[in-house]
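The sequence shown lines up with residues -19 to -1, 1 to 318 when you count with mature numbering (1 follows the signal peptide of the UniProt record, and there is no 0). Beta carbons: idealized from backbone N, C-alpha and C, even for Gly. Working notes, structure below.
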Amino acid sequence: MLRHARKAIVLAAIGLAIAGCSSHKKQAKQDPFAGVGSPIYPGSGPVPWGGGRYHVGKPYQVAGVWFTPKEQPNYDRKGTASWYGEDFNRRKTSNGEWFDMNRLTAAHATLPLPSYAKVTNLENGREVVVRINDRGPFVDTRVMDLSKAAASELGYLNQGTAKVRVQYIGPAPLNDKGGRHLVAMNTELERGTPMRKMIAAADHRRGKSAPAETVMVAEAAPVKKKQAPKVVAETVAFEQPAEPVQAAPGPTGEVSYYIQLGSFSDGGNAARARDQFASVWPVQFIELSGAAGPVYRVRLGPISDNDDAQTALSDARSAGFTDARLIKSEAVQAALQ
């Protein structure tokens, strides 16, 4: 009863905060979350996995407290975790997914969506990897609101809250069909895989195994220059050293820049990363294969202007690619190795 009463008070406070935000132009509007009033999934079967968007968001205010979403690759914090279930089940989350209380998901006030975090119950030592796809909690020192399933996994379902440690791992795939990637992440957790290697290991676990012999690069011209798409196919032997890859210089001889988004064992995840930026920046989709199987790498470029390259880098990190990095044309070959 006390837990439900506290929920009612919190929801009322959030309603007042949102009303206050709409009446003051300088105050940012809060992102929607899977609370009362959020749309309910219209179907009768299980809600879809993923299907939302990569989202960071702008600063927002709830009950007089400001929250600033941002990239936080080194996030590691201890505090109180609560959980949410029936009252919010099957409602839309902040990044457009659907909340299912029986899946290992969580809400966080400022971390990018969707992303992975390792959560450890400091009272009993149990741990789990969760998919963060919602905003919250907005109460005192609470650091995370976990789904009913995640709270059960951590062993604090009956007591309502627990002291936890939350460690950010990295971006989660948008469309995790059937939650298989999340399952793979928790398998890696059980195997003792270091957090910095978990996503790559889970990609490999869920990736394809068919061998290939070449590197294929497909390059499209920037949309913002209003040029017809230009496709270039480049084949490079993966097993043998190759000559440095140099982008063709522009009319004034300036160098080209690239934004390396990341490496994927799952071609579908790589394709989604490519498609996310294809209408804004030139994108290269690179398939590298050898005895261990294919690896897909996605990068933005070539970009001739340094300021544009910095903007592209900011776009990539804001979209959830926290490990994105800027490289010059002479460093392209090194990035492929």
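Quick check on residue i: does DSSP put it in helix, strand or coil?
i: K99; result: strand
i: S299; result: helix
i: E268; result: strand
i: D57; result: strand
i: L85; result: coil
i: K7; result: Caution is warranted here: a pLDDT of 40 is assigned to K7, below 50, making its placement in the model unreliable, and the coordinate value is therefore given only provisionally. In this structure, K7 counts as coil in the three-state DSSP scheme.
i: F80; result: coil
i: R72; result: strand
i: D304; result: coil
i: R278; result: strand
i: A293; result: helix
i: P32; result: The sequence as given places Gly at residue 32; Pro does not occur at that position. Coil.
i: A62; result: strand
i: G243; result: strand
i: K309; result: strand
Might you give, ordered along the chain, the residues of its own chain that have their beta carbon closer than 8 Å to the beta carbon of residue i, omitting 5 neighbours on each side?
i: S128; result: W64, Y65, G66, F80, D81, M82, N83, R84, L85, T86, A87 and V111
i: M176; result: K99, Q148 and I150
Under 8 Å, do residue i and residue j count as touching if we go by C-beta distance?
i: N114; j: A143; result: no
i: N250; j: D184; result: yes
i: R116; j: G60; result: no
i: Q53; j: L92; result: yes
i: N76; j: H36; result: yes
i: K73; j: P118; result: no
i: I267; j: R278; result: yes
i: S96; j: A181; result: no
i: A293; j: I284; result: yes
i: G33; j: L155; result: yes
i: V276; j: S246; result: yes
For residue i and residue j, I'd like the C-alpha separation in whole angstroms.
i: Q241; j: N139; result: 45 Å
i: G248; j: V28; result: 24 Å
i: K309; j: L170; result: 36 Å
i: G24; j: G159; result: 17 Å
i: H162; j: N287; result: 36 Å
i: R172; j: G106; result: 16 Å
i: H89; j: G31; result: 17 Å
i: D289; j: T174; result: 37 Å
i: R58; j: Y41; result: 21 Å
i: E78; j: L269; result: 32 Å
i: Y141; j: D126; result: The sequence given here places Gly at residue 141; Tyr does not occur at that position. Rounded to whole angstroms, G141 to D126 spans 11 Å at the Cα level.
i: V261; j: R255; result: 11 Å
i: Q291; j: G26; result: 44 Å
i: Y22; j: A259; result: 30 Å
i: R280; j: S295; result: 13 Å
i: G18; j: K51; result: 26 Å
i: M179; j: D157; result: 15 Å
i: R146; j: Q257; result: 32 Å
Residues in its own chain within less than 6 Å of residue i by CB, not counting five upstream and five downstream?
i: E104; result: A143 and K144
i: R186; result: A165
i: G301; result: Y35, P93 and P152
i: A209; result: Since pLDDT at A209 reaches only 31, below the 50 mark, its modelled position is unreliable, and the value read off the structure follows with that caveat. Result list for A209: empty, nothing under 6 Å.
i: R306; result: Q241
i: D68; result: none
i: T233; result: Any answer about T233 is weak, because its pLDDT of 43 lies below 50 and its placement is not dependable; what the coordinates show is given next. There are no such residues.
i: Y56; result: Y149
Which same chain residues, not among the five before or five after residue i, have their C-beta less than 7 Å away from its C-beta?
i: V109; result: L85, V100, A131, E134, L135 and N167
i: G282; result: S237, Y238, Y239, I240, P263 and Q265
i: residue 319; result: Absent from the structure is residue 319, since the part of the chain shown begins at -19 and ends at 318.
i: T49; result: P40 and T91
i: W47; result: P40
Any beta carbon of chain B sitting closer than 8 Å to that of residue i?
i: G60; result: In the structure shown, chain B cannot be found, because there is only a single protein chain.
Give the list of continuous beta strand (DSSP E) stretches no shorter than 3 residues that lie fully inside the stretch 89 to 174. 96 to 102, 108 to 115, 123 to 128 and 143 to 152
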